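My numbering puts the first residue of the sequence shown at 222, with every later residue one more than the last. We treat Cβ as the ideally placed atom computed from N, Cα and C, and that holds for glycine. All figures in this text were calculated on a predicted structure; none of them were measured in a lab.
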Amino acid sequence: MKEGWVKIYSSVEEFKARIVEDILKQNGIESHILEKRDSAIPSLGESALYTPLEKAEAAMAILKKEQLIDEE
222 MKEGWVKIYS SVEEFKARIV EDILKQNGIE SHILEKRDSA IPSLGESALY TPLEKAEAAM
282 AILKKEQLID EE
């Protein structure tokens with residue numbers, strides 16, 4: 222991933238990462254999904270969602286509000 226971007230979410234189910242990406246987009250936060258899957262066995266691996274470092278705190282707050290991640 223590009224420098225200055227941080228992983229804020231990951232899931233073994235791609236559709237969940239796509240939903241989170243859409244929620245962030247609706248809130249004006251740019252994000253990108255990096256697929257880390259085995260091409261021979263697509264069910265193995267994860268979809269990792271990255272956002273710019275300066276937007277990470279706001280993105281995490283949105284995910285907590287939407288109950289997509291646990292409070293830590």
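Exercise. Count the other C-beta atoms from every protein chain shown that fall within 10 angstroms of the C-beta of residue 241, then say buried if there are 16 or more, exposed otherwise.
Key: Residue 241 is classed as buried because its beta carbon has at least 16 other beta carbons within 10 Å across all chains shown.
Quiz item: Can the beta-carbon of residue 250 be found less than 9 angstroms from the beta-carbon of residue 269?
Solution: A distance of 9 angstroms or more separates the beta carbons of residue 250 and residue 269.
Quiz item: What residues in its chain sit with their C-beta under 6 angstroms from that of residue 227, if we drop five residues either side in the sequence?
Solution: Only 274 and 277 meet the Cβ criterion.
Quiz prompt | Rounded separation between residue 284 and residue 290 - CA only | solution = Taking the straight line joining both Cα atoms gives about 6 angstroms.
Quiz item: Distance, Cα to Cα, residue 252 vs residue 225?
Solution: The alpha-carbon of residue 252 is positioned some 12 angstroms away from that of residue 225.
Quiz prompt | Cβ-based neighbour list, residue 232, same chain, cut-off 6 angstroms, excluding 5 preceding and 5 following | solution = Closer than 6 angstroms at the Cβ level, and outside the excluded window around residue 232, lie 238 and 268.
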